[in-house]
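**Q** Sharing a structure with you now.
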Amino acid sequence: MKLTTLGCWGAFPYKDEGTTSYLLTGQDGFRLLIDCGSRALNELEKEINPLDLDAVLISHYHPDHVADLGVLRHYFQLYPKHLWEPKILPIYAHNEDETEFAKLTLPDVSQGIAYNTGGVQQIGPFDITFIKTVHPVICYAFRILERTSGQIFVFTADTGYFEGLSEFAADADFLLADVYLYEGSENHIAHLTTKEAGQIAAQAKVKKLVLTHMPPVAPAGVDSDNHLEILRNQTAAYSNGIPVELAAPHKSWEIGEMI
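For the sequence shown, my numbering begins at 9 and goes up steadily by one.
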């Protein structure tokens with residue numbers, strides 16, 4: 009399967025680059041959009057026709073993860089019908105926030121589907137399991153198994169450190185981790201630090217770690233011209249040799265080629 013970055017900043021878009029959104033494409037061509045942050049629709053157009061999406065998967069309802077859901081639905085609703093065969097877009101998310109979940113359904117356009125947080129959710133070629141993360145609002149991490157290839161992709165979504173995250177990511181081919189904070193801010197209520205992400209990857213024995221939800225602007229005391237490389241280097245210091253990369257718009261990985 010192939011993972012393509014659409015946006016990878018945390019909290020807010022910055023200098024024409026957007027917040028969390030990823031396109032996961034299965035070996036059979038199934039296209040799953042994971043989160044839909046700011047600029048997701050514009051960046052998706054550079055990769056595929058948005059109307060070719062097969063489904064959307066949402067980790068939580070913070071704006072930097074759902075900001076473009078409304079315009080994506082409008083795209084499906086208002087794109088001239090004589091130019092395509094209209095279809096209903098399934099949007100999978102948790103229903104523990106009834107108000108936000110209700111917004112996912114637009115008659116004849118999109119259908120909100122509550123994913124099975126206590127079991128396995130099948131979406132196209134993927135079997136997906138879930139674990140609730142540490143975050144100010146209800147949020148779920150995803151462990152995505154492609155049935156035909158056996159490849160495993162894990163996305164932490166937004167989370168502070170908690171016991172069980174390493175086990176959830178165990179032996180994954182690819183770990184996409186929220187790293188909004190630098191070493192020294194461990195046990196945060198919302199996000200992982202570089203140290204924690206590296207340690208989780210090492211404990212889980214994943215094949216590759218990629219950092220996302222990164223800070224667009226360096227905090228005080230961090231070199232503003234080199235803050236992302238500092239983020240990567242700090243993480244790599246704790247990853248026990250597991251390769252660490254930074255996500256970037258339109259950077260993609262063929263996960264099968266890493267096995």
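Just so it is clear, CB atoms sit at the ideal spot from N, CA and C, and this is done for glycine as well.
Because the structure is a prediction, the values reported are computed rather than measured.
For residue 17, which residues does DSSP report across the bridge?
**A** According to DSSP, which records beta bridges pairwise, residue 17 is partnered with 27 and 222.
**Q** Quick one, are the C-beta atoms of residue 212 and residue 157 less than 9 Å apart?
**A** Result no, Cβ atoms of residue 212 and residue 157 do not sit closer than 9 Å.
**Q** In whole angstroms, what separates the C-alpha of residue 22 from that of residue 224?
**A** Approximately 6 Å, taken between the alpha carbons.
**Q** With a 10 Å radius around its C-beta and 16 neighbouring C-beta atoms as the bar for buried, classify residue 130 as buried or exposed.
**A** So residue 130 counts as exposed.
**Q** Quick one: grab the DSSP three-state call for residue 201.
**A** Looking at residue 201 - three-state DSSP - the assignment turns out to be strand.
**Q** CA-CA distance, residue 234 and residue 185?
**A** Distance between the alpha carbons of residue 234 and residue 185 is about 20 Å.
**Q** Nearest by alpha-carbon distance to residue 125: which of 146, 110 and 177 is it?
**A** When only C-alpha atoms are compared, the closest one is 146.
**Q** Spatial neighbours of residue 275 within its chain, please: C-beta separation below 8 Å, excluding the five flanking residues on both sides.
**A** Residue 275 lies beyond the stretch modelled for the chain, which goes from 9 to 267, so this question has no answer here.
**Q** Between the Cα of residue 203 and the Cα atoms of 93, 31, 32 and 246, which residue gives the shortest distance?
**A** Out of 93, 31, 32 and 246, 246 has the C-alpha closest to the C-alpha of residue 203.
**Q** Measuring CB atoms only, is the region 87 to 98 touching the region 132 to 148, in the sense that at least three cross pairs come out at less than 8 Å?
**A** With a cut-off of 8 Å, the region 132 to 148 and the region 87 to 98 do not count as touching, because too few Cβ pairs lie within range.
**Q** Taking DSSP as the reference, what is the three-state secondary structure of residue 268?
**A** Here the chain comprises residues numbered 9 to 267, so residue 268 is not present and cannot be evaluated.
**Q** Which residues in the same chain have their Cβ closer than 6 Å to the Cβ of residue 262, if we skip the five residues on either side of it in sequence?
**A** Here the set comprises 10.
**Q** Would you mind reading off the limits of the alpha helix (DSSP H) that contains residue 99?
**A** Premise fails: residue 99 lies in the beta strand (DSSP E), 97 to 101, not in any alpha helix (DSSP H).
**Q** How is residue 22 classed by DSSP in three states: helix, strand or coil?
**A** Strand.
**Q** Quick check on the burial criterion: 16 or more other C-beta atoms within 10 angstroms. Buried or exposed for residue 237?
**A** So residue 237 counts as exposed.
**Q** Let me know the secondary structure DSSP gives residue 259 once reduced to three states.
**A** Here residue 259 sits in coil by DSSP.
**Q** Using the C-alpha atoms, what's the distance from residue 84 back to residue 94?
**A** Taking the straight line from one Cα to the other gives about 8 Å.
**Q** Using 10 angstroms around the beta-carbon of residue 107, count the other beta-carbons present and answer buried if the total reaches 16, otherwise exposed.
**A** Residue 107 is exposed by the Cβ-count criterion.
**Q** Could you compute how far the alpha carbon of residue 161 sits from the alpha carbon of residue 215?
**A** Roughly 10 Å between the two C-alpha positions.
**Q** In this structure, what does DSSP give as the bridge partners for residue 33?
**A** The partner list for residue 33 (beta bridge, DSSP) reads 10 and 39.
**Q** For residue 48, which three-state DSSP category applies?
**A** Helix.
**Q** With distances taken between CB atoms, is the gap from residue 30 to residue 220 smaller than 9 Å?
**A** Closer than 9 Å, so yes.
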